[in-house]
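Undergrad:
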Amino acid sequence: MGLRNPASLGKGAGHRQLICPAISGYRGINQLLLVVLGVLECYQRIYLASSSLVHTFLGSAHPPPHSFPADDASAPLNDSDQWLGYRLQSNIQMKDMRSLSFYVQLVSISLFLLASFLTTSGILTHEPLHIPLRITAPHLSERDNSDGILALETWATQAGTKLNSRYGGQAEVDPAKSLGAKPSLHTRQVANLRLINAFSDAIYAAPVNIGTPPQSFHMIMDTGSGDLWIADTACSTDQGCPSSAKKFDPLKSESYVNESRAFNVQYGSGKAQGTLAKESVSVGGLTVLNQKIGVCDSVENILKPGLDISGIMGLAWSGIASSPSTPAWESLFLQDALSEPVISFALSRLGRGHTESTAPGGTMTIGGTNKRHFDGEIQYIPLSKNQSYWLIPLESITVGGTGVDIGTPNIAIDTGTSLIGGPDEDLKTIFSVVPGAILMQNGSFKGYWSVPCNQPLIISVQFGNISYPLSPLDTNLGKIDTKGRCLTSFFTISKSKSGGTIPEWIFGAAFLKNVYSVFRASPPSIGFAQLSSTFVGEKTAAPSLISQHPIRKHSLKQASKGARRPTSQGSSNMSTCPPPIGLVVILGATHFLAWAFFNLQSMFIAFPR
1 MGLRNPASLG
11 KGAGHRQLIC
21 PAISGYRGIN
31 QLLLVVLGVL
41 ECYQRIYLAS
51 SSLVHTFLGS
61 AHPPPHSFPA
71 DDASAPLNDS
81 DQWLGYRLQS
91 NIQMKDMRSL
101 SFYVQLVSIS
111 LFLLASFLTT
121 SGILTHEPLH
131 IPLRITAPHL
141 SERDNSDGIL
151 ALETWATQAG
161 TKLNSRYGGQ
171 AEVDPAKSLG
181 AKPSLHTRQV
191 ANLRLINAFS
201 DAIYAAPVNI
211 GTPPQSFHMI
221 MDTGSGDLWI
231 ADTACSTDQG
241 CPSSAKKFDP
251 LKSESYVNES
261 RAFNVQYGSG
271 KAQGTLAKES
281 VSVGGLTVLN
291 QKIGVCDSVE
301 NILKPGLDIS
311 GIMGLAWSGI
321 ASSPSTPAWE
331 SLFLQDALSE
341 PVISFALSRL
351 GRGHTESTAP
361 GGTMTIGGTN
371 KRHFDGEIQY
381 IPLSKNQSYW
391 LIPLESITVG
401 GTGVDIGTPN
411 IAIDTGTSLI
421 GGPDEDLKTI
431 FSVVPGAILM
441 QNGSFKGYWS
451 VPCNQPLIIS
461 VQFGNISYPL
471 SPLDTNLGKI
481 DTKGRCLTSF
491 FTISKSKSGG
501 TIPEWIFGAA
511 FLKNVYSVFR
521 ASPPSIGFAQ
531 LSSTFVGEKT
541 AAPSLISQHP
551 IRKHSLKQAS
561 KGARRPTSQG
571 SSNMSTCPPP
581 IGLVVILGAT
591 HFLAWAFFNL
601 QSMFIAFPR
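In full-length UniProt numbering, the protein residues as written are 1 to 609.
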């Protein structure tokens, strides 16, 4: 299935899910009440002023006859009775007016404080949503080789197998666990799910809510696939779902709709299968109704014991989704539910000495960018045409300051991959300028390039006339033997022969940890910026992946004709912080004091008795 141009999709597309946008009409209601309040106040002040003049005029013991009309012309009232009756009626009307104004102002100040609180908490705004990510790493010390070479072998084997099998190479599969014939490139386009790597800097996940009431799960945020699937309660340990992974229970969801169709994704040595369904999906407080998802009762070689990871949320285009559906992020974009049509990432680097099961992973922002995490401007590169992945052309690559000619291949920017993968001939050209570089031919490191540990590996890649250097912390994975050889993060995959429908190169976390990345839907492009000095991969802390508080949820209604269109130029400089709570308190206090002063003033106006 080819990639559809998002800009060409009108609001009448029948395949769209129903979106419920955030309701922010409190501003209009509050403003209307303030106008009504103002009118009442003006009328009340005029009434008070006129009454004061009347009371002054009526101060004499014998008011002039016929100064005020009698309430009942037929009643035999004298002038004094008429005067007293009118004064009593005036006071009653004044009290009624004051009472009405009091309640209107009370409602107004209540709505103001409520609106201020909601704005501060970010519930009723279209500000970008900043979601803390976590790196899943059950044995983080293994990355440092503190436990020996065996740990790195395990990490490298799983990372290489995942990358190779995902994008068209021949994966190294245990014959006893092989699923038979490996799928072709075209078949893998339908699957596009990958193995979950259980080691450092390999998995970046965030909380996702599914169902009504919401059930919360930790899912991989993956720009390299277009499907969303979740393990359900029918998937036992024997079916490949470890007890550490939370399972989705369809029976507890009021919004679950079984599509009565099989859901099956497969690649390399892993697969997930189950039932296609429609469900409510929420991430970062944005909810998509009737989103098609895979509810899986069988998962092979993907979910790993000890990890609280329940599935994958694909963030690529619908052209590579295995099910005929629109990814949740694309639905949000099509319905103008985002401030900007972008998803951005700041991926942190694993710190040394961590031993806990998860570590800070950085931030994913939906609908904007996080200005605190990058410096300068975001430079955008248009996507390669007729592609369904997030593909951009590589302009050049330098190794140790020396330019290497490998042409301008298409690069898939993939948050779900840990390595940098490329075709064999290109990698041979690159490492031909690195003294002592060797392509590993056998064993657990087969397909990787290794270099002498004392050989600096200084590599820069260029996109859009901007060069981005890669940190040695990301290109050098550590020692693999006692002879002083180190493993690199460059891995050989089979080059696509399908005319460009599958990427030739894959840049995963080894590249993305060095830039601030922005995936923009309109115009389709990817942007990069320099990470800010305050965002240092090894030192960046983020809230735990396991949410201590329920995620805010507000549905997104169908966008109205007057909805703001997503901007398509420049970078977002939106503030990432809500309004200071002190400002809200000051504004609320000012409003309250004005309201109290007016009512106290009205209460103490003296009337003749």
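We treat Cβ as the ideally placed atom computed from N, Cα and C, and that holds for glycine.
#1: Which runs of the beta strand (DSSP E) at least 3 residues long sit entirely within the segment 444-495? Give them in chain order.
#2: Flag this pair as touching only if the segment 209-222 and the segment 308-321 have three or more C-beta atom pairs under 8 Å; answer yes or no.
#3: List the DSSP bridge partners of Ala346.
#4: Quick check on Gly376 - is its C-beta less than 8 Å from some C-beta in chain D?
#5: Give the C-beta separation of Asn290 and Lys278 to the nearest angstrom, bearing in mind that I take them to be a contact with Cβ-Cβ under 8 Å.
#6: Indicate the three-state DSSP secondary structure (helix, strand or coil) for Asp405 in the structure shown.
#7: Write down the C-beta distance between Val518 and Leu531 rounded to the nearest angstrom, noting that I regard them as a contact closer than 8 Å.
#8: The ligand FAD heavy atoms versus the CB of Gln335: any closer than 7 Å?
#9: To the nearest angstrom, report how far apart Pro409 and Val433 are at their CA atoms.
#10: Looking only at its chain, what residues have a beta carbon closer than 6 Å to the beta carbon of Lys271, apart from the 5 residues adjacent to it on each side?
#11: Thinking C-beta only, is Thr492 closer than 8 Å to Gly447?
#12: Taking three-plus beta-carbon pairs below 8 Å as touching, is the segment 243-260 in contact with the segment 325-332?
#13: Is there contact here, the segment 367-386 with the segment 339-349, by at least three beta-carbon pairs under 8 Å?
#14: Quick check on this structure: which residue in Cys235, Arg349, Lys292 has the alpha carbon closest to the alpha carbon of Tyr256?
#15: Per DSSP, which one or two residues make a beta bridge with Glu279?
#16: Going by C-alpha distance, which of Leu228, Gln215, Phe511 is nearest Cys296?
#17: Which residue's Cα is closest to the Cα of Val208: Gln441, Leu133, Trp390, Asp336?
#18: What are the boundary residues of the alpha helix (DSSP H) that Phe333 is part of?
#19: Kindly indicate which three-state DSSP category Phe507 falls into: helix, strand or coil?
#20: List the DSSP bridge partners of Trp390.
#21: Quick one: what's got a C-beta closer than 6 Å to Ser471's C-beta in the same chain, skipping five residues either side?
#22: Compute the distance between the beta-carbons of Ile420 and Phe511, then report whether it is under 8 Å.
#23: If distances are taken between C-alpha atoms only, which option among Cys241, Ile381, Val399, Ser348 comes closest to Gly306?
#24: Is Thr223 helix, strand or coil when you go by DSSP?
#25: So what's Thr398 in DSSP terms, helix, strand or just coil?
#26: If we count the other Cβ atoms within 10 Å of its Cβ and call it buried at 16 or more, is Asp481 buried or exposed?
#27: DSSP three-state label for Phe535, please.
#28: Which first and last residues belong to the beta strand (DSSP E) in which Leu228 is found?
#29: Identify whether Pro524 lies in helix, strand or coil by the three-state DSSP scheme.
#30: Please state whether DSSP places Lys252 in a helix, a strand or coil.
#31: Could you compute how far the alpha carbon of Gln239 sits from the alpha carbon of Gln335?
#32: When DSSP labels each residue in this structure, what does Gln215 get in the three-state scheme?
#33: Suppose the cutoff is 6 Å on Cβ atoms and the five residues either side in sequence are ignored; what does the same chain contact list for Pro382 look like?
#34: Within 8 Å, do at least three Cβ pairs link the segment 398-417 to the segment 474-490?
#35: With respect to the beta strand (DSSP E) encompassing Ile430, which residues constitute its N-terminal and C-terminal limits?
#36: From Ser318, Ser489, Ser384, Thr402, pick the residue whose C-alpha is nearest to that of Thr157; which is it?
TA: If we stick to the structure as given:
#1: Whole beta strand (DSSP E) segments, 3+ residues: 448-452, 459-463, 466-470, 476-479, 485-493.
#2: yes
#3: Thr363
#4: Going by chain labels, chain D is absent from the structure shown, which holds only one protein chain.
#5: Sure, about 5 Å apart at Cβ, within 8 Å.
#6: coil
#7: In fact, because the Cβ distance is near 13 Å, the residues do not count as touching under 8 Å.
#8: This structure simply doesn't include the ligand FAD, nor any ligand for that matter.
#9: 19 Å
#10: Glu300
#11: yes
#12: no
#13: yes
#14: For Tyr256, the nearest C-alpha among the options comes from Lys292.
#15: Gln291
#16: Leu228
#17: Cα-wise, what sits closest to Val208 is Leu133.
#18: 328-334
#19: strand
#20: DSSP output for Trp390 lists no bridge partner at all.
#21: Asn514
#22: With a cutoff of 8 Å on beta-carbon distance, Ile420 and Phe511 are scored as near each other.
#23: Cys241
#24: coil
#25: strand
#26: exposed
#27: coil
#28: DSSP places Leu228 inside the beta strand (DSSP E), whose first and last residues are 228-231.
#29: Secondary structure at Pro524: coil, using DSSP grouped into helix, strand and coil.
#30: helix
#31: 38 Å
#32: Three-state result, Gln215: strand.
#33: Ser525
#34: no
#35: From DSSP, Ile430 is part of no beta strand (DSSP E) but of the alpha helix (DSSP H) over 424-431.
#36: When each option's Cα is compared against that of Thr157, the closest is Ser489.
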